[in-house]
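A.B. asks: One point on numbering: in the UniProt record's numbering, the residue at position 29 of the sequence shown is 29, and numbering is uninterrupted. Where a beta carbon is used, it is the ideal one built from N, C-alpha and C, also for glycine. I'd like to ask some things about the structure below.
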Amino acid sequence: MADLDFTTPTGLATYLASTPYASTSIETISGGHTAFLYRVVLKEPLKETGEKTVVVKHSLEFAAQSIIEIANGGSGPGGITLSVERMDFEHEALELVASNPALSTVVRVPRVHAYDRNTRTIVMSDVAPCQLLSTVLQEADDELIARIGHALGDFMGQFHKWTSLPEQAGVRKRFLENETSRKDVLLIRWQLAIAAAKKYGLEREWMEKMQQEGLVDANSGGSVICMADFWFDNILVSTTGDLQIYIVDWETVRTARPELDVAHFTTAAYTLEHVYKPIPLMREFFKAYKTHMDLDETHMATYGGRDMLSFGVIQPWVRHRDEGVKQPIAQLGLELLEAAHTGDKEALKKNPVLADMY
């Protein structure tokens, strides 16, 4: 197996041939930045579920596509070294969420059929047909958007609350070990943020110190398990039948402060509204989330400001637009960071990125 090339459909087909997931055809699925993702049409339906297709995800010790290259306008295999152990954490996170069906009847994760720790290959249920949340939000009416916001807020609030309980201490300890997320990915977020601040003439002398404090703080973890990559294109919405939402790509899952997930989702929402139109997504998200969990304003400002600068200006619906669209996004990111730096709570409340939190 060591000689097989899992980065191609042919290599994967050879690997699967002697398993219950032997294929008649394999197609590459676009969208993954840090893994190789395939849809496999099975020779025989799965005995337990009758499924005729599965999704297979495989990771190597580098990113399949570098987020830094995306920020610079490029694409293709990147140069970021990421530990293959991140797939172990994704597998464990998917199993963790699936172990508690009471979290939601609407929001769930793909079912894990098999995981090969030796090759870092995971076989999951195929949740198609689905659309990316970012696509749905551009096309849906306000009623559906509100339902989606409420469902996601309720799920994430319950997930954070559940993983904060004393009996989850062992789980929190385990996910604190995800150094790829806690160190490498977090550092990239800060590097992108500071690079954007420089690009848009917004750099401040205290940013480097804020970055270092953030990296140190991450080492101590936090009170909950965070998905840690909670944004629109890691959320799939079923296009048939009753509303079903799937959260995918859990390889950066780690123990952290709850604001890590909520701020990331909030900044994605703001940038989409900035480009298109106001939507009730975050109003309903916060309403549902806050029935389970409280949020710290300063942490929301710090994480939100960083993510507006790092990811806000390179979101798929933003990155190809002119600088007149990107500059205000970066400016709001700076203002959030400044409010966190100075402790200006009034500035936080006036910042439109966090408006629905109040």
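Quick check on residue 5: buried or exposed, where buried means 16 or more other Cβ atoms within 10 Å of its Cβ?
C.D. replies: Exposed, since its Cβ has fewer than 16 Cβ neighbours within 10 Å.
A.B. asks: State the Cα-Cα distance for the pair residue 219 and residue 149, rounded to the nearest angstrom.
C.D. replies: Their Cα atoms are separated by approximately 31 Å.
A.B. asks: Near residue 77, which residues of its chain fall below 6 Å by C-beta distance, leaving aside the five closest residues on each side in sequence?
C.D. replies: In this prediction, residue 77 has a pLDDT of 40, which is less than 50 and means its spatial position is unreliable; what the coordinates show is noted afterwards. The answer is none, since no qualifying residue turns up.
A.B. asks: Mapping DSSP to helix, strand and coil, what is residue 8?
C.D. replies: Residue 8 falls in the coil class under three-state DSSP.
A.B. asks: Which residues mark the beginning and the end of the beta strand (DSSP E) in which residue 124 is found?
C.D. replies: First-last of the beta strand (DSSP E) with residue 124: 121-125.
A.B. asks: Buried or exposed, going by whether 16 or more other CB atoms sit within 10 Å of the CB of residue 100?
C.D. replies: The residue in question, residue 100, is exposed, as its Cβ has fewer than 16 Cβ neighbours within 10 Å.
A.B. asks: Starting from the N-terminal side, write out each stretch of the beta strand (DSSP E) that is 3 residues or longer and does not extend beyond the region 223-271.
C.D. replies: Counting whole runs of 3 or more residues, the region 223-271 contains the beta strand (DSSP E) stretches 224-226, 235-238, 245-247 and 254-256.
A.B. asks: With DSSP as the reference, identify every bridge partner of residue 57, one or two as the case may be.
C.D. replies: Partner(s): 37 and 122.
A.B. asks: Can you find at least 3 beta carbon pairs, one from the region 252-267 and one from the region 222-240, that sit closer than 8 Å?
C.D. replies: Touching, per the Cβ criterion.
A.B. asks: Under the rule that 16 or more other beta-carbon atoms within 10 Å means buried, what is residue 120, buried or exposed?
C.D. replies: So residue 120 counts as buried.
A.B. asks: Using C-beta distances below 6 Å, list every residue in its chain close to residue 153, excluding the 5 sequence neighbours before and after it, in chain order.
C.D. replies: Same-chain partners within the cutoff: 285, 288 and 289.
A.B. asks: When you compare only the Cα positions, how much space is there between residue 327 and residue 200?
C.D. replies: One C-alpha to the other measures close to 7 Å.
A.B. asks: Are three or more beta carbon pairs between the region 300-312 and the region 166-177 nearer than 8 Å?
C.D. replies: No contact exists between the region 300-312 and the region 166-177.
A.B. asks: Whole angstroms are fine: how far does the CA of residue 81 sit from the CA of residue 15?
C.D. replies: If you take the alpha carbons of residue 15 and residue 81, they lie about 25 Å apart.
A.B. asks: Measuring straight from C-alpha to C-alpha, what distance separates residue 182 and residue 215?
C.D. replies: Using only the alpha carbons, I get a separation of about 8 Å.
A.B. asks: Specify, as a first and last residue, the run of the alpha helix (DSSP H) that residue 336 falls within.
C.D. replies: Note, residue 336: alpha helix (DSSP H), 323-342.
A.B. asks: Hey, residue 37 and residue 52 are a contact pair by Cβ (cut 8 Å); roughly how many whole angstroms apart?
C.D. replies: So it is not a contact: roughly 18 Å between Cβ atoms.
A.B. asks: Going by beta-carbon coordinates alone, are residue 275 and residue 319 separated by less than 8 Å?
C.D. replies: For residue 275 and residue 319, no; Cβs fall outside 8 Å.
A.B. asks: Between residue 352 and the rest of its own chain, which residues show a CB-CB distance below 6 Å, the 5 nearest in sequence each way excluded?
C.D. replies: None.
A.B. asks: Exposed or buried, which one is residue 206 when buried takes at least 16 other CB atoms within 10 Å?
C.D. replies: Classification of residue 206: exposed, given that the 10 Å Cβ count is below 16.
A.B. asks: Our contact map puts residue 263 next to residue 300 with C-beta atoms below 8 Å; I'd like the distance itself, whole angstroms only.
C.D. replies: With 8 Å as the limit, residue 263 and residue 300 qualify as a contact, their Cβ atoms being about 5 Å apart.
A.B. asks: Helix, strand or coil for residue 145? Go by DSSP, reduced to three states.
C.D. replies: Residue 145: helix per DSSP, three-state reduction.
A.B. asks: Measure the Cβ-Cβ separation of residue 43 and residue 13 and say whether it is below 8 Å.
C.D. replies: It is not a contact, given that the beta carbons lie outside the stated cut-off.
A.B. asks: Identify, in the order they occur along the chain, each residue of the same chain with its Cβ nearer than 6 Å to the Cβ of residue 186, setting aside the five sequence neighbours on each side.
C.D. replies: Taken in chain order, the residues that qualify are 218.
A.B. asks: Taking the C-alpha atoms as reference points, what is the distance between residue 341 and residue 211?
C.D. replies: The alpha-carbon atoms of residue 341 and residue 211 are separated by roughly 12 Å.
A.B. asks: Quick one: residues in its chain with C-beta nearer than 6 Å to the C-beta of residue 269, no 5 flanking neighbours on either side, listed in chain order?
C.D. replies: The answer, listed in chain order, is 281 and 282.
A.B. asks: Which term fits residue 234, buried or exposed, when burial requires 16 or more other beta carbons within 10 angstroms of its beta carbon?
C.D. replies: That one is buried.
A.B. asks: Between residue 385 and the rest of its own chain, which residues show a CB-CB distance below 7 Å, the 5 nearest in sequence each way excluded?
C.D. replies: This structure gives no information on residue 385, because the portion of the chain shown stretches from 1 to 358.
A.B. asks: Could you compute how far the alpha carbon of residue 204 sits from the alpha carbon of residue 118?
C.D. replies: Answer to the nearest angstrom: the Cα atoms are 45 Å apart.
A.B. asks: For the putative contact between residue 87 and residue 122, defined by C-beta atoms under 8 Å, what is the C-beta separation to the nearest angstrom?
C.D. replies: Confirmed, about 6 Å.
A.B. asks: Ends of the alpha helix (DSSP H) at residue 188?
C.D. replies: Here the alpha helix (DSSP H) through residue 188 covers 186-199.
A.B. asks: Distance check for residue 339 and residue 192, CA to CA, integer angstroms please.
C.D. replies: Between residue 192 and residue 339, the C-alpha separation is close to 20 Å.
A.B. asks: May I ask you to report which of helix, strand or coil DSSP gives residue 46?
C.D. replies: Here residue 46 sits in coil by DSSP.
A.B. asks: Where do the ends of the beta strand (DSSP E) carrying residue 370 lie?
C.D. replies: Nothing can be reported for residue 370: it is not among the residues displayed for the chain, which extend from 1 to 358.
A.B. asks: Below 6 Å CB to CB, which residues in the same chain sit around residue 231 once its five sequence neighbours on both sides are set aside?
C.D. replies: For residue 231, where only same-chain residues beyond five positions count, the Cβ hits under 6 Å are 264 and 268.
A.B. asks: Within the continuous alpha helix (DSSP H) that includes residue 95, where are the two ends?
C.D. replies: Its alpha helix (DSSP H) spans residues 86-98.
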